[in-house]
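Shown next, in structure tokens, is the structure this report addresses.
Residue numbers (this note's numbering), protein chains in the order written: chain A, 4 to 215; chain R, 116 to 213.
Written out as structure tokens, the structure reads:
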């Protein structure tokens, strides 16, 4: 008897449990493709304006801190590892190791947002935010660079917050045994979302922080 | 039945394999950061994007488990990436032949 047969018979008192883990993951991937197109459009806008204002983009990017960008890259990559470890652990029935890894992932997500806060606060302190007089006095290319910077890293940051909430819910589910060795597709799908957040950052990082 | 079989293959590459992938990703990050300091002229962007693509392939295949998923998932990804590339290329033609 395979694991999923056991899952079905275990819930025998409500009749058959209809579950399709592959279909569930497929749905998640379809959603991720809409996210890909959402960010894809922004990357396209970035590409066009970088082509138009190549020198201004290089000059404006010197305002960004490579070290804080690198730190956030390492944070996101490591959090992607810990969420993958959490899924591997739950598959092996190691509940405590899964909980540990989810807590670490949520911690990294918070650290990312704290870094983002300090980064944006420093920019705003120097008068670089959409609509600021100091920013509007700069060249068109620089205004567009910072516009894209705020929209793209802002939307990415929003995704980090959503991912954080999602993973926190999954953590509660694991603690309550609603996610177990035999039933973990919700955790897998949340993991997929978190990896997408990481993937987008993998492209945002060199395009904004590494073009001196 | 295939779904049941799949459940047994779900273990993927395990803790050690995942950690190796993570080390690879960190190595690629340090390469891309150190290369940014060297001026490669026109090629800087292509090198940076190339490294980002390699990192994405690692994340999608191992962290997102696609290497061990059913082939239909790869078809899905292929179609959506193709769509995105078509949009990029058509826009490129629009801009360069104005």
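All C-beta atoms, glycine included, are put in the ideal place defined by N, C-alpha and C. This one's a predicted model, so the numbers in the text were calculated from it and none came from an experiment.
Evaluate residue i with the Cβ neighbour count: other Cβ atoms within 10 Å of its Cβ, from every protein chain shown; 16 or more gives buried, anything less gives exposed.
i, result
"residue 157 of chain R", "exposed"
"residue 21 of chain A", "exposed"
"residue 200 of chain R", "exposed"
"residue 162 of chain A", "buried"
"residue 203 of chain A", "buried"
"residue 119 of chain R", "The pLDDT assigned to residue 119 of chain R is 44, lower than 50, so where the model puts this residue is not dependable; a value taken from the coordinates is nonetheless given after this. With fewer than 16 Cβ atoms within 10 Å of its Cβ, residue 119 of chain R is classed as exposed."
"residue 134 of chain A", "exposed"
"residue 191 of chain A", "buried"
"residue 94 of chain A", "buried"
"residue 9 of chain A", "Residue placement at residue 9 of chain A cannot be trusted, given a pLDDT of 44 that sits under 50; what the coordinates show is reported in the next sentence. Exposed."
"residue 142 of chain R", "exposed"
"residue 148 of chain R", "buried"
"residue 12 of chain A", "A caution first: residue 12 of chain A carries a pLDDT of 45, below 50, which makes its placement in the model unreliable, though a value can still be read off. Residue 12 of chain A comes out exposed."
"residue 128 of chain A", "exposed"
"residue 140 of chain A", "exposed"
"residue 196 of chain R", "exposed"
"residue 182 of chain A", "buried"
"residue 41 of chain A", "exposed"
"residue 173 of chain R", "buried"
"residue 111 of chain A", "buried"
"residue 23 of chain A", "exposed"
"residue 4 of chain A", "Interpretation of residue 4 of chain A is limited by its pLDDT of 41, a score under 50 that renders its predicted location unreliable; the figure taken from the coordinates is listed afterwards. Residue 4 of chain A should be labelled exposed."
"residue 180 of chain A", "exposed"
Would you mind stating whether residue i and residue j have Cβ atoms separated by less than 8 Å?
i, j, result
"residue 76 of chain A", "residue 208 of chain A", "yes"
"residue 85 of chain A", "residue 99 of chain A", "no"
"residue 133 of chain R", "residue 101 of chain A", "no"
"residue 64 of chain A", "residue 148 of chain A", "yes"
"residue 151 of chain A", "residue 49 of chain A", "yes"
"residue 199 of chain A", "residue 38 of chain A", "yes"
"residue 74 of chain A", "residue 118 of chain A", "yes"
"residue 54 of chain A", "residue 210 of chain R", "yes"
"residue 195 of chain A", "residue 137 of chain R", "no"
"residue 78 of chain A", "residue 124 of chain A", "no"
"residue 144 of chain A", "residue 137 of chain A", "no"
"residue 25 of chain A", "residue 185 of chain R", "yes"
"residue 140 of chain R", "residue 170 of chain R", "yes"
"residue 180 of chain R", "residue 127 of chain R", "yes"
"residue 178 of chain R", "residue 82 of chain A", "no"
"residue 205 of chain A", "residue 167 of chain R", "yes"
"residue 59 of chain A", "residue 142 of chain A", "yes"
"residue 157 of chain A", "residue 116 of chain A", "no"
Between the options, which has its C-alpha nearest residue i's C-alpha?
i, options, result
"residue 165 of chain A", "A:175, A:142, A:193 and A:189", "A:193"
"residue 186 of chain A", "A:173, A:206 and A:196", "A:173"
"residue 191 of chain R", "R:150, R:175 and R:202", "R:175"
"residue 46 of chain A", "R:203, R:208 and R:210", "R:203"
"residue 214 of chain A", "A:89, A:113, A:61 and A:30", "A:61"
"residue 188 of chain A", "A:87, A:67, A:130 and A:127", "A:87"
"residue 162 of chain R", "R:173, R:172 and R:146", "R:146"
"residue 217 of chain A", "A:201, A:126, A:155 and A:154", "Since the first and last residues shown for chain A are 4 and 215, residue 217 of chain A lies out of range."
"residue 189 of chain R", "A:146, A:160, A:28 and A:110", "A:28"
"residue 89 of chain A", "A:206, A:153, A:59 and A:177", "A:177"
"residue 175 of chain A", "A:109, A:34 and A:36", "A:109"
"residue 198 of chain R", "A:116, A:36 and A:23", "A:36"
"residue 43 of chain A", "A:31, A:30 and A:155", "A:155"
"residue 193 of chain R", "A:132, A:184, A:96 and A:33", "A:33"
Mind checking who residue i pairs with in its DSSP beta bridge?
i, result
"residue 183 of chain A", "A:186"
Taking 7 Å as the cut-off, is the beta-carbon of residue i closer than that to any non-hydrogen atom of the ligand SAM?
i, result
"residue 176 of chain R", "The ligand SAM is absent from the structure shown, which contains no ligand whatsoever."
Give, in chain order, every residue of the stretch 185–210 of chain A whose Cβ lies closer than 7 Å to some Cβ of chain R. 195, 198, 201, 202, 205, 206 and 209
Between the stretch 166–184 of chain R and chain A, which residues of the former have a C-beta closer than 8 Å to a C-beta of the latter? 166, 167, 170, 171, 174, 175, 177, 178, 179, 180 and 184
Please identify, using Cβ separations under 9 Å, the residues of the stretch 186–206 of chain R that lie next to chain A, in order along the chain. 187, 188, 191, 192, 194, 195, 196, 198, 199, 202, 203 and 206
Determine which residues of the stretch 127–142 of chain R have a Cβ less than 8 Å from any Cβ of chain A, and write them out in chain order. 127, 129, 130, 133, 134, 136, 137, 140 and 141
Residues, ordered as in the chain, of the stretch 144–158 of chain R that lie near chain A by beta-carbon distance below 7 Å: 144, 147, 148 and 151
Below 9 Å between beta carbons is the criterion; list the residues of the stretch 53–65 of chain A that meet it against any residue of chain R, in chain order. 53, 54 and 55
Give, in chain order, every residue of the stretch 19–33 of chain A whose Cβ lies closer than 9 Å to some Cβ of chain R. 23, 24, 25, 28, 29, 32 and 33
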